[in-house]
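Below is one structure; the comments refer to it alone.
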Amino acid sequence: MAQHQVDFTQSGGLPIALTTVDKLVNWGRSNSLWALTYGLACCGIEMMASGASRYDFDRYGTIFRSSPRQSDIMIVAGTLTKKHAEFIRRLYDQMTEPRWVISMGSCANTGGMFNTYATVQGVDRVIPVDLYLPGCAPRPETLQYAVMMLQKKIRAEKAGKAQRPKRLM
Amino acid sequence: MRAYSDKKDVQKKAYYTDRYWVAPTVPRQTVESDDVFAADLAAIKAKFTVLEAYIEVEQLVIVINPDDNFGVMKLMKEELQFEQLIEMAAVDWLARSNEFEIVVMMLSMAKRKRMRVKYTVAKDQAVESLNPLYRSADWAEREMYDMHGVKVNNHPYMKRILMPDDWQGHPLLKSYPLHGDEAAQWYEVDKIFGKEARDIIGPEIRDSAAIERYDTERFSRLGHEVPYGTDISEGEPDTPLAYQEEDGVFLIRKVHEDDSVEITDRDR
Ligand code: SF4
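Chains A and B are the protein sequences, given in the same order.
Under the working numbering, the letters of the first sequence match residues 13 to 181, in that order.
Under the working numbering, the letters of the second sequence match residues 20 to 287, in that order.
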C-alpha cells in the first residue's frame, strides 16, 4: 500500500463511471479497431498514408496488423481481381468476430474503371461490407471519416451474443 | 457504357473508316543493304527455308516455317551470336486465316543488332518450346498459352501464368468478350459459394454509375440517410453529417466544431 493518499474528490474525480455493459464494450471495440493491411492497388497507398505520421491513424486506435487473426476491420483498399477473390474470402473467414469491412475506393465498391473479365465487380459479391467509401482514390481524411462513421455504427450495435454475425447469404 | 457486340468478325470488316487517314507503313529495305544481316540470312537460308526476309526500322525480319523454329533459334544462338531472346508473343489472326502469328524478338549484343523471327501456326498446332535455348522464353510461352491458347511442346512447366489455373478460355483472343464469358462472370461466385449461390448473389452489375433513386436497400443518399428499406417516394428527412451522436459518447470528449482551429500558416 502506497504511503501517499490520492484524494479522488480533489484530483480528477472519483474513479467510478456508471454506464451499461453495451456502452462499455462498444467503447472498447470502437476505439481499438485494428485493421488488416489490405492494400490491393493504388488505394493502398492512401491507406498507408493514413497510417503514417501526417494523418496518424494511431490516434483512433487503428493500428495496422498483418494477420487477420489479430484484426477487427478489413479495409479493402484497391482492385480485387477474380484470381484473388478466394483469398480475400479466406482471410475474412480467419478474422474473429465481431469483424467489420470497409470497402475503400471505386474499385472495391463496384469494380470501378476496371469493367473487365478479370475484376470482381464489387467486393460485396464475396464478403459482407459495412461501409462503402467512394473515391478514386479517397483521400486519407476521407478514410479517417469512414473509420469514425464505422465507430459510430459500432456504438449503435448491441454488444452481446444476440448480435448475429453478418452473412452474405 | 457501350453495349457488348459480338466481335467474331472484327477483322473482316473495318469498323472505323476515316476518308483522309492513310495507315502509315514503315518503309522496308532489302536485306542486301546491310552486310551483317545479309551474312546472317545466308547462313540461315543454307539450312532452313526462309519464306520472307526484309529490313524494317533497322531490324531484320524473317518469316520461317513453324516446324523449323527450334532449329533456326539454335543456329542463331550458337553460330550467329544472337544471345538474347527479348520478347515473344502471339498475334491472333484466327478470324482472317485461322492461325496465330508468333513473333520473337532477338538481340545480339556482340553485333549490336536486333532481329525479329515470325512464324504462323494453325489454331490447334503445337509449337516447339524455345525454353531449352533461352530461359526468357519460359514465361513468354506460358503467357502465350494463357492468353491465346497456343500449345507449346517440351515446355518444363506448361501452366497458366496470369489467370487462375481453373480459368476457362483465353482472354486475349479477339473473340473473347471484354466482360468475360459465362464462366468468367460467375467465376468468384462458383468458386467460393458454389453454382447454387448464383441466384442469391445475382449477376454482375456492369454499369457502375447506375443509381436507383428510391432504392433504400442498396443506396443511401448522403445527408439524407434513412433506415434500411424505408419508403422514400414521398421525400426523405435531412440528416446533417456528424462525427458523433447528439448526446455525446461515453468516456470521449465531444467534438465541437466551433472549437476547432483552422490552420492558415502552413509553415508553422
Ligand atoms: S479506386 Fe482508383 S485509386 Fe483506388 S484502387 Fe481503384 S483505380 Fe486505384
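Beta carbons are placed, not taken as given, at the ideal position from N, Cα and C, and that holds for glycine.
Let's test the definition: count the other Cβ atoms within 10 Å of the Cβ of A/MET116 and tell me whether it reaches 16, buried, or not, exposed. Taking the first residue of the first sequence as 1, we reach residue 116 of chain A at position 104. Answer is buried; the Cβ neighbour count reaches 16.
Applying the criterion that 16 or more other CB atoms from any shown protein chain within 10 Å of the CB defines a buried residue, is B/LEU260 buried or exposed? On the second sequence, position 241 is the one that residue 260 of chain B refers to. Sixteen is the threshold: since fewer than 16 other Cβ atoms of the shown chains lie within 10 Å of the Cβ of B/LEU260, the residue is exposed.
Taking the alpha-carbon positions, what's the B/GLU77 to B/GLU120 distance? For the purposes of this step, residue 77 of chain B is identified with residue 58 of the second sequence, where counting begins at 1. For the purposes of this step, residue 120 of chain B is identified with residue 101 of the second sequence, where counting begins at 1. Answer to the nearest angstrom: the Cα atoms are 21 Å apart.
Just checking A/ALA10 against ligand 1 - is the residue's beta carbon closer than 8 Å to any of the ligand's heavy atoms? With chain A covering 13 to 181 only, the question about residue 10 of chain A has no answer from this structure.
Quick one: residues in its chain with C-beta nearer than 7 Å to the C-beta of B/VAL110, no 5 flanking neighbours on either side, listed in chain order? As a first step, residue 110 of chain B must be located in the second sequence, where it is residue number 91. PHE119, GLU120, VAL122.
Nearer than 8 Å: is that true of the beta carbon of B/LEU197 relative to any heavy atom of ligand 1? Stepping through the second sequence from its first residue, residue 197 of chain B is reached at position 178. No, the beta carbon of B/LEU197 sits no closer than 8 Å to any heavy atom of ligand 1.
Thinking just about the alpha-carbon of each residue, which of A/ARG101, A/ASN38, A/MET107 is nearest to the one in A/GLN82? Position 70 of the first sequence, counting from 1, holds the residue named residue 82 of chain A. Ranking A/ARG101, A/ASN38, A/MET107 by Cα distance to A/GLN82 puts A/MET107 first.
Skipping 5 residues on each side, what residues in its chain have a beta carbon closer than 6 Å to that of B/MET182? What you label residue 182 of chain B is simply residue 163 of the second sequence in a count that begins at 1. Close CB contacts of B/MET182 within its chain, under the 6 Å cut and outside five residues either way in sequence, are with ASP165 (chain order).
Under a CB-based cut-off of 9 Å, is A/TYR50 close to chain B? Reading the first sequence from its first residue, position 38 is the one you call residue 50 of chain A. No, A/TYR50 does not count as interfacial toward chain B.
I need the straight-line Cα distance from A/ASN127 to A/VAL33, nearest angstrom please. On the first sequence, residue 127 of chain A is found 115 positions in, with the first residue counted as 1. On the first sequence, residue 33 of chain A is found 21 positions in, with the first residue counted as 1. Roughly 46 Å separates the two Cα atoms.
Alpha carbon to alpha carbon, what distance is there between B/ASP250 and A/LEU162? The residue labelled residue 162 of chain A in the question sits at position 150 within the first sequence. The residue labelled residue 250 of chain B in the question sits at position 231 within the second sequence. Straight-line Cα distance between these residues: approximately 24 Å.
Compute the distance between the beta-carbons of A/ILE57 and A/ILE87, then report whether it is under 9 Å. Sequence index remark: in the first sequence, residue 57 of chain A carries index 45 (1-based). Sequence index remark: in the first sequence, residue 87 of chain A carries index 75 (1-based). No, they are not a contact pair.
Listed from N- to C-terminal order along the chain, which residues in the segment 151-172 of chain A have their beta-carbon within a distance smaller than 9 Å of any beta-carbon of chain B? TYR157, MET160, MET161, GLN163, LYS164, ARG167, ALA168
Identify the contact partners of B/ILE121 in chain A, using a Cβ-Cβ distance below 7 Å as the criterion. Residue mapping note: residue 121 of chain B aligns to position 102 of the second sequence, counting from 1. Ordered by position in chain A, no residue passes the 7 Å Cβ test against B/ILE121, which lies about 24 Å from the chain.
Got a sec, what are the start and stop residues for the beta strand (DSSP E) B/ARG135 sits in? Taking the second sequence and counting its residues from 1, one reaches residue 135 of chain B at position 116. Unbroken beta strand (DSSP E) run through B/ARG135: 132-141.
Is it the case that the CB of A/SER115 approaches a heavy atom of ligand 1 more closely than 8 Å? Your numbering for residue 115 of chain A matches position 103 in the first sequence. Every heavy atom of ligand 1 is 8 Å or more from the Cβ of A/SER115, so no.
Below 8 Å, is the gap between the Cβ of A/GLY90 and the nearest heavy atom of ligand 1? For the purposes of this step, residue 90 of chain A is identified with residue 78 of the first sequence, where counting begins at 1. Look at A/GLY90: its beta carbon is less than 8 Å from one of the heavy atoms in ligand 1.
So with Cβ pairs under 9 Å, would you call A/TYR129 a contact of chain B? Working through the first sequence from its first residue, we reach residue 129 of chain A at position 117. Yes, A/TYR129 lies at the interface with chain B (some Cβ there is under 9 Å from its Cβ).
Just to confirm, does A/PHE76 get its C-beta within under 8 Å of one of the non-hydrogen atoms of ligand 1? If you number the first sequence from 1, residue 76 of chain A lands on position 64. False, no ligand heavy atom lies under 8 Å from that Cβ.
Endpoints, alpha helix (DSSP H) assigned at A/TRP39: By 1-based counting over the first sequence, the position of residue 39 of chain A is 27. Looking at the DSSP string, the run of the alpha helix (DSSP H) that includes A/TRP39 is 33-42.
In chain A, what lies closer than 9 Å to B/ILE265 by C-beta? Translated into positions along the second sequence, residue 265 of chain B becomes position 246. At residue 265 of chain B the sequence reads Glu, which differs from the Ile that was named. Residues of chain A passing the Cβ test: none, with the nearest at roughly 11 Å.
Do we get a CB-CB distance below 9 Å when we pair B/LEU192 with the residues of chain A? The sequence position of residue 192 of chain B within the second sequence is 173, counting from 1. By this cut-off, B/LEU192 is not an interface position.
Start and end residues, alpha helix (DSSP H) containing B/GLN78: As a working note, residue 78 of chain B is residue 59 in the second sequence. Looking at the DSSP string, B/GLN78 is not in any alpha helix (DSSP H); the run it does join, the beta strand (DSSP E), is 78-83.
Would you say A/SER118 touches ligand 2, meaning its beta carbon is less than 8 Å from a heavy atom? Only ligand 1 can be found as ligands here, which leaves ligand 2 out of the picture.
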